[in-house]
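A.B. asks: There's a structure below that I have some questions on.
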Amino acid sequence: MPFLKVCVALYDYEANTEEELAIKENDVLYILEDDDPEWWKAKLKTADPNDLHIGLVPSNYVEPLPTSGTVLGLYKYDATTEEELAFEEGDTLTLYEQDDPDWFLVGNGSHVGFVPGNYVESSAGQESHSHDDQQTQEQYDEDYAEDQQEEDQ
């Protein structure tokens, strides 16, 4: 099953038990389970995908990773591993990361997973950047509302 969501750590957290996962501020986490509102099971993003750093993290120490635009599915893709995301030709997917030119991290509204980079293309008018360069949708909405208030005055 693909990930439920992808988040970024807001703060450092030192694990207190073997079930918990130590995280550092700005670590990227793939959320595997979020049944408990206070503790989420997460996999830490590492340079080596074979490193399995999985454990519980406090949900209030993370926030959703800002998106980097959208991509359009060029062909139907059937996932071949648990971390991949299946999609149909023509599906619009939310882009989270494209660190690896061969595999992009995308979401379809209910799950997040990896897809082959050559099966998708950037949607018209969208540019892809790292999450450090992007505003969250909430920040964008707040800025837009402030701009509208200034124009109305």
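Residue 133 is where the sequence shown starts when you use our numbering, and the numbers rise one by one after that. The C-beta atom is built at its ideal place from N, Cα and C for all residues, glycine as well. Bear in mind that the values here come from a model prediction, so they are computed numbers and not experimental data.
1) Tell me the DSSP bridge mates of T226?
2) If you compare alpha carbons, which of N148, F135, L153 and T149 is closest to A141?
3) Any idea which residues DSSP pairs S254 with across the strands?
4) So for Y143, helix, strand or coil by DSSP?
5) From S200 to A179, what does the alpha carbon distance come to, in whole angstroms?
6) Identify the residues that DSSP records as bridge partners of Y162: which are they?
7) What's the gap between the Cα of D167 and the Cα of V194?
8) Here's the rule: buried if 16 or more other CB atoms are within 10 angstroms of the residue's CB, otherwise exposed. What is P198?
9) Mark G241 as exposed unless 16 or more other C-beta atoms lie within 10 angstroms of its C-beta, in which case mark it buried.
10) Where W235 and T224 are concerned, what is the direct C-alpha to C-alpha distance, given to the nearest angstrom?
11) Can you find the residues in the same chain that come closer than 7 Å, C-beta to C-beta, to S255, ignoring five residues on each side of it along the sequence?
12) Got a sec? Which residues, its chain only, sit under 8 Å from E170 by beta carbon, not counting five neighbours each side?
13) If I measure Cβ to Cβ from E146 and keep anything under 6 Å in the same chain, skipping five residues before and after, which residues do I get?
14) I'd like the span of the beta strand (DSSP E) that includes P181, first residue to last.
15) Have a look at P181, E253 and L161 and flag the residue whose alpha-carbon is nearest the alpha-carbon of W172.
C.D. replies: Walking through what the data contain:
1) In the sequence shown, the residue the question calls residue 226 occupies position 94. Paired residue(s): T202 and G239.
2) Start at 1 with the first residue of the sequence shown, and residue 141 comes out as number 9. Among N148, F135, L153 and T149, the Cα nearest to that of A141 is on L153.
3) Numbered from 1 along the sequence shown, position 122 holds the residue referred to as residue 254. For S254, which the question treats as bridged, DSSP gives the partners V203.
4) The count along the sequence shown starts at 1 and reaches residue 143 at position 11. Coil.
5) Residue mapping note: residue 200 aligns to position 68 of the sequence shown, counting from 1. Residue mapping note: residue 179 aligns to position 47 of the sequence shown, counting from 1. Spanning the alpha carbons of S200 and A179 requires a straight line of approximately 20 Å.
6) Locating residue 162 in the sequence shown gives position 30, counting from the first residue. Beta-bridge partners of Y162 (DSSP): V138 and K175.
7) In the sequence shown, counting from the first residue as 1, residue 167 sits at position 35. In the sequence shown, counting from the first residue as 1, residue 194 sits at position 62. Each residue's Cα considered, the two are about 15 Å apart.
8) Residue mapping note: residue 198 aligns to position 66 of the sequence shown, counting from 1. Buried, by the Cβ-count rule.
9) By one-based count along the sequence shown, residue 241 stands at place 109. Exposed.
10) Taking the first residue of the sequence shown as position 1, residue 235 is located at position 103. Taking the first residue of the sequence shown as position 1, residue 224 is located at position 92. Each residue's Cα considered, the two are about 16 Å apart.
11) As a first step, residue 255 is located in the sequence shown; it is residue number 123 there, counting from the start. Cβ neighbours of S255 beyond the five flanking positions: G201, T202, V203, L204 and T224.
12) As a working mapping, residue 170 is identified with position 38 in the sequence shown. Answer for E170: P190, S191 and N192, listed in chain order.
13) Sequence index remark: in the sequence shown, residue 146 carries index 14 (1-based). The answer, listed in chain order, is A154.
14) Here residue 181 is taken as the residue at index 49 of the sequence shown, counted from 1. From DSSP, P181 is part of no beta strand (DSSP E); its letter is neither H nor E.
15) Here the question's residue 172 lines up with position 40 in the sequence shown. Checked all of P181, E253 and L161; the closest Cα to W172 is L161.
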